[in-house]
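Each residue of the sequence shown is one higher than the one before, starting from 1 at the first, in full-length UniProt numbering.
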Amino acid sequence: MDQKIREEVFQACAEDLCRGRHLSRDQWRILLEGRTRERAEQMAKKASALRDRIYGKRIFIRGLIEFTNYCRNDCYYCGIRKSNKKASRYRLSKDEILECCRAGYRLGFRTFVLQGGEDPYYNDQRITELVKEIRKEFPHCAITLSIGEKERESYEAFKKAGADRYLLRHETANEEHYRKLHPKELSLSHRIRCLETLKSLEYQTGAGFMTGSPGQTVETLIDDLEFLERLQPEMAGIGPFIPHHDTPFKEEPQGDLELTLYLLSLIRLLLPRVLLPATTALGTIDPRGREKGILAGANVVMPNLSPENVREKYLLYDNKIHTGKEAAECLDLLKKSMKEIGYEIVTDRGDFLRK
Ligand code: SAH
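Spelled out as structure tokens, the structure:
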């Protein structure tokens with residue numbers, strides 16, 4: 001990157017970030033444009049040390065249940081967008097989902113993440129029913145939903161039924177960039193309103209974005225970082241964009257590994273207590289992506305608990321990994337690889353630690 005950013009200028013910005021001071025746009029630009037291998041390594045060490053001070057060497061796991069790939073939306077980057085007529089659609093029944101939770105519980109999962117497209121079949125009533133049943137059978141587990149944009153009443157009903165957390169990546173905090181990634185029916189203002197509603201309902205709330213999505217620039221990334229600082233989410237999902245062959249973005253380049261790792265470090269330093277996954281997408285672009293993510297400051301991994309026969313159908317992007325360390329039933333492999341880098345997978349809800 002830019003060698004012209006002088007060492008003392010870069011270090012002054014890094015120090016402000018590490019001390020928890022608010023950074024100006026110019027300072028963020030210096031951190032983003034001044035990235036070199038050495039500087040990224042330095043930020044990763046600082047981020048890791050900060051995470052260790054707060055959460056120790058403990059890595060939290062979440063059992064990811066991809067329960068439907070039907071979607072009414074048409075996001076240009078996503079493989080399960082409604083216009084992708086080639087996607088082979090499926091949805092799990094309530095009983096199948098409960099079976100996934102049971103299998104997950106036996107393996108040591110204490111958080112279940114229900115993720116899916118915005119599937120009209122899974123209306124508020126069905127989601128509420130589902131959450132209630134999981135809550136009843138697993139009173140001590142955390143239930144996370146990741147099912148897109150809803151109205152306040154719906155979020156409220158899910159919360160009342162027993163949901164604890166909600167993942168809704170903002171995707172980009174830049175209006176113009178948002179337009180490039182989404183059809184006109186979707187708006188950044190509504191997405192942000194949803195996130196604010198979730199926060200106000202006291203969900204542990206997750207925002208986030210893809211790195212290297214088409215049209216992303218240093219300026220849009222600064223918007224993202226400033227947005228995260230304003231929202232103060234309890235969780236942040238950051239992973240590389242990976243093209244899917246049946247989407248309008250099929251020819252676009254995938255996001256960069258090093259930039260993703262660097263952003264994980266910056267976000268750890270910006271939001272010290274944030275629950276930060278080393279995502280599946282990161283594991284997909286590099287066989288050691290998850291481990292590298294942890295060493296950059298992440299502290300969560302989300303193995304796949306979906307039934308094996310549907311895993312390859314929840315294809316948001318090409319080559320998505322779903323076996324080996326990625327699969328919940330191979331948790332031992334993941335435990336081993338985390339141990340090798342000095343970390344320990346724990347059986348714990350892994351809640352956000354408030355001060
Ligand atoms: N329907 C839910 C869940 C979306 S899938 C919602 O709207 O929140 C979860 C995340 O996968 C998305 O938020 C997006 O950031 C990511 N994703 C989608 N397509 C992707 C791609 N091609 N490459 C990498 N990540 C992708």
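Note that CB positions come from ideal geometry on N, CA and C, so glycine has one too.
Whole angstroms are fine: how far does the CA of residue j sit from the CA of residue i?
i           : j    : result
I345        : P272 : 20 Å
residue 356 : T247 : Residue 356 cannot be examined here, being either before or after the span of the chain that is shown, 1 to 355.
R179        : S187 : 8 Å
M1          : I30  : Below a pLDDT of 50, predicted positions are generally treated as unreliable, and M1, at 48, falls in that range; the measurement from the model is reported next regardless. So the two alpha carbons sit approximately 11 Å from each other.
K339        : A296 : 16 Å
T68         : S83  : 16 Å
L353        : K85  : 43 Å
A47         : G104 : 30 Å
A14         : L107 : 40 Å
E308        : R152 : 34 Å
L198        : F249 : 30 Å
T347        : V274 : 19 Å
T279        : K355 : 26 Å
K4          : R230 : 30 Å
E185        : N123 : 19 Å
H22         : L225 : 11 Å
Q115        : A173 : 22 Å
I238        : L276 : 8 Å
E8          : H177 : 32 Å
L17         : Y121 : 45 Å
V113        : M43  : 30 Å
E118        : T205 : 18 Å
S154        : R53  : 37 Å
T220        : R72  : 27 Å
L168        : Y203 : 11 Å
S88         : R288 : 29 Å
E329        : R39  : 37 Å
R126        : Y77  : 28 Å
L316        : V310 : 13 Å
Suppose the cutoff is 6 Å on Cβ atoms and the five residues either side in sequence are ignored; what does the same chain contact list for residue i look like?
i           : result
A163        : V131, I143 and L145
I222        : R25 and W28
Y314        : E66 and N69
residue 356 : Outside the displayed range of the chain (1 to 355) lies residue 356, so it cannot be described from this structure.
E175        : L188
R193        : none
L257        : I285 and D286
Q11         : none
Residues in its own chain within less than 8 Å of residue i by CB, not counting five upstream and five downstream?
i    : result
D318 : G79, I242, P243, H244 and H245
K325 : G283, R290, P303, L333, L334 and S337
A321 : The identity of residue 321 in the sequence shown is Ile, whereas the question assumes Ala. Here the set comprises T280, G283 and T284.
Quick one: give me the first and last residue of the beta strand (DSSP E) that residue i is part of.
i    : result
A236 : M235 to P240
M210 : Q204 to T211
E344 : E344 to V346
A142 : A142 to S146
L225 : Unbroken run through L225 is the alpha helix (DSSP H), V218 to L231; no beta strand (DSSP E).
L167 : R165 to L167
Only counting the same chain, and skipping five residues up and downstream in sequence, which positions put a Cβ closer than 7 Å to that of residue i?
i    : result
E156 : L201
L228 : A207, A236, I267, L270 and L271
T111 : R62, G63, C141, A142, T144, R349 and G350
A161 : T128, V131, K132 and R135
R51  : R268, G297 and N299
D74  : R81, K82, S83 and P183
V218 : R29, L32 and E33
E96  : P307
E252 : P214 and P243
Residue i lies in the alpha helix (DSSP H); which residues open and close that run?
i    : result
A49  : R37 to Y55
E196 : L188 to S200
G20  : Careful: G20 lies outside any alpha helix (DSSP H) and carries neither H nor E.
F60  : Element bounds for F60: not the alpha helix (DSSP H) but the beta strand (DSSP E), R58 to I61.
G116 : G116 -> not in any alpha helix (DSSP H); beta strand (DSSP E) instead, spanning T111 to G116.
L31  : R25 to E33
R290 : G289 to A296
L269 : L257 to L270
Y155 : R152 to A161
Q125 : D124 to E137
M338 : L331 to E340
L181 : E175 to L181
E308 : E308 to R311
L282 : T280 to I285
K94  : K94 to L107
Give the C-beta separation of residue i and residue j to the nearest angstrom, bearing in mind that I take them to be a contact with Cβ-Cβ under 8 Å.
i    : j    : result
A281 : P214 : About 15 Å; that fails the 8 Å criterion.
F109 : L305 : 7 Å
L181 : E196 : The Cβ separation is near 20 Å, so there is no contact.
T284 : T211 : With 8 Å as the limit, T284 and T211 do not qualify as a contact, their Cβ atoms being about 13 Å apart.
H190 : E149 : 6 Å
Compare the C-beta of residue i against all C-beta atoms of chain C and say whether one is closer than 8 Å.
i    : result
E176 : Here chain C cannot be found, since the structure has a single protein chain.
**OP:** Examine the Cβ distances between the region 54 to 68 and the region 27 to 42 and report whether three or more of them are shorter than 8 Å.
**Re:** No, because fewer than three Cβ pairs between the region 54 to 68 and the region 27 to 42 fall closer than 8 Å, the two stretches do not touch.
Subject >> Stretch pair the region 94 to 109 + the region 250 to 270: three plus CB contacts closer than 8 Å >> reply: Judged by Cβ distances under 8 Å, the region 94 to 109 makes no contact with the region 250 to 270, as fewer than three pairs qualify.
**OP:** Taking 8 Å as the threshold, find out whether the region 133 to 141 comes into contact with the region 77 to 93 through three or more Cβ pairs.
**Re:** At 8 Å Cβ cutoff, the stretches do not touch.
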